[in-house]
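Novice: Position one of the sequence shown corresponds to residue 3 (the numbering used here), numbered consecutively onward.
Glycine residues also receive a C-beta, built at the ideal position from the N, C-alpha and C atoms.
Computed from a predicted structure; not experimentally measured.
Quick one: the structure is below, questions incoming.
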Amino acid sequence: MGDVEKVIIIGGACAGLTAAIYTARAKLNPLLFAGHMFGGQLMMTSEVENYPGFPEGIQGPELMEKFRQQAEKFGTRIVYENVIKVDFKSRPFRVWAGGEEYAAESVIVATGARPRMLGLESEAMLMGKGVSYCAVCDGAFYKDRDVVVVGGGDSAMEEALHLTHHAKSVTVIHRRDKLRASKIMQERAFENPKINFVWDSVVEDIYDVNEGRVTGVLIKNVKTKELSEIRCDGVFIAIGHEPNTDVFVGQLTLDSHGYIKVHDHVKTSVEGVFAAGDVHDHKYRQAITASAFGCMAALECERYLAEKGLV
Ligand code: NAP
């Protein structure tokens, strides 16, 4: 174990890199673990049109690269290793990654969440080319087009309703004959003339990998086993998210879905450990909101270290 760091940041996407920019400029010399998957969900996105400051739009990976450059410019040290274990029960806090043990007076957790995937090969190959996990991010690309939404929960209804502002038609494909979504969301979706439902069906394949864009889906009725095709220009998968919190089980208080519980926006159950972004925020899930939480966590962290006389 080397010197005790003032702050360790776990997570190398919007929230983590924003926390790094702020803590680096506050001369806290942050050490950031970006894992093997630097950049998070924006690395799976193509054009980003709603991040302020880029009126022409920017590619997701390019935006993340700019975040990284800005964090490094002020001295953030980035380690491209996954954190495999933490100990927040004693002080200084300890973090294990890449076969090394690290110690820190404070920690900012910004490990994000990942959208659940269907697990199809074509889904992976067409990701960002018509397959999306975020209607707010990508819906505007489907003006007057036909899209499908997969899922039957609140997220799927929210995505479908959002897409009606852009698309010509929205077809919700759900694996059962009843929605999981709340009654009010169901009613809104049922009442919307642009939304139609395909029940008891699962997506078996997404076309067309050869063309490099979405042209339709192959679906199977789980009751009759009948196969059919739906022509569409986009597929929005909304079957839930999984927070990246496995490593914090037993260390931080999590909610029943595995998200980190916070109070005062970014404070966790352990004083001196802060959480920022999609790892606790399952409501907004935007690059700009994750960044904002990264900023809040950095400011709270700075305050905490000063109050405890640790800087
Ligand atoms: P969710 O409630 O877990 O719903 C996931 C949906 O996807 C379910 O309908 C599920 O089908 C389906 N699904 C899961 N795996 C699938 C697979 N492999 N293939 C096909 N379908 C699959 O997730 P969520 O909708 O993201 O919501 C998560 C939480 O956030 C919930 O508590 C929700 O109420 C809340 N939320 C609230 C709002 C709001 O109030 N406006 C908006 C978004 C989310 P089954 O139904 O058959 O299991």
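(1) For the ligand NAP, any of its heavy atoms closer than 7 Å to the Cβ of LEU163?
(2) Would a C-beta distance cut-off of 8 Å place ILE110 and CYS234 closer than the cut-off?
(3) Can you grab the Cα-Cα spacing for the pair LEU34 / ALA17, in whole Å?
(4) Who sits around the ligand NAP, taking every residue whose Cβ is closer than 5 Å to one of its heavy atoms?
(5) Go through its chain and collect everything with a Cβ distance to THR217's Cβ below 6 Å, but skip five positions before and after it.
(6) On the CB-based measure, 16 or more other CB atoms within 10 Å of its CB, does VAL251 come out buried or exposed?
(7) Going by DSSP, which residues form a beta bridge with GLU309?
(8) Hey, would you say ASP148 sits closer than 8 Å to SER171, going by beta carbons?
(9) If LEU307 and VAL275 are in contact, beta carbons under 8 Å, what's the gap, nearest whole angstrom?
(10) If we require 4 or more residues per run, which alpha helix (DSSP H) segments fall completely within the region 113-152?
(11) Hey, how far is the Cα of LYS196 from the Cα of MET66?
(12) Between which two residues does the alpha helix (DSSP H) holding TYR24 run?
(13) Taking 7 Å as the limit between beta carbons, can you name the residues of its chain near PRO94, skipping five residues before and five after?
(14) Scan the region 15-100 and note each continuous beta strand (DSSP E) run of 3 residues or more that stays entirely inside, going in chain order.
(15) Within the same chain, show all residues whose beta-carbon is closer than 7 Å to that of GLY2, passing over the 5 residues directly before and after it, in chain order.
(16) Thinking GLU160 and MET187 are a contact (beta carbons under 8 Å), I'd like their distance in whole angstroms, please.
(17) Which of helix, strand or coil does DSSP assign to LEU229?
(18) What does the alpha-carbon distance come out to for the pair GLY101 and GLY311?
(19) Could you give the residue range of the alpha helix (DSSP H) that holds LYS314?
(20) Please classify LYS180 as buried or exposed, where buried requires at least 16 other C-beta atoms within 10 Å of its C-beta.
(21) From SER92 to TRP98, what distance separates their C-alpha atoms?
(22) For GLU83, which of GLU74, MET298 and GLU103 has the nearest alpha-carbon?
(23) If we ignore side chains and look at the alpha-carbon of each, how far apart do ILE11 and ARG27 end up?
(24) Quick one: what's got a C-beta closer than 7 Å to SER157's C-beta in the same chain, skipping five residues either side?
(25) Output the distance between the C-alpha atoms of VAL205 and GLY153, rounded to the nearest integer angstrom.
(26) For ILE23, count the other beta carbons within 10 Å of its own beta carbon; 16 or more makes it buried, fewer makes it exposed. Which is it?
(27) Please classify MET75: is it buried, with 16 or more other beta-carbons within 10 angstroms of its beta-carbon, or exposed?
Specialist: According to the data block:
(1) no
(2) no
(3) 11 Å
(4) GLY153, GLY154, GLY155, ASP156, SER157, GLU160, ARG177, ARG178, ARG182, ILE241 and GLY242
(5) TYR209 and ASP210
(6) exposed
(7) Beta-bridge pairing links GLU309 to no other residue.
(8) yes
(9) Not really, about 12 Å apart at Cβ, beyond 8 Å.
(10) 123-127 and 137-140
(11) 35 Å
(12) 16-27
(13) VAL6, ALA105, ALA106 and GLU107
(14) 33-35, 79-81, 85-89 and 95-99
(15) Because the chain is modelled from 3 through 313, residue 2 falls outside the range shown and cannot be assessed.
(16) 7 Å
(17) strand
(18) 31 Å
(19) Absent from the structure is residue 314, since the part of the chain shown begins at 3 and ends at 313.
(20) exposed
(21) 14 Å
(22) GLU103
(23) 14 Å
(24) ALA240 and GLY242
(25) 10 Å
(26) buried
(27) The sequence shown places Lys at residue 75, rather than the Met named in the question. When all chains shown are included, LYS75 counts as exposed.
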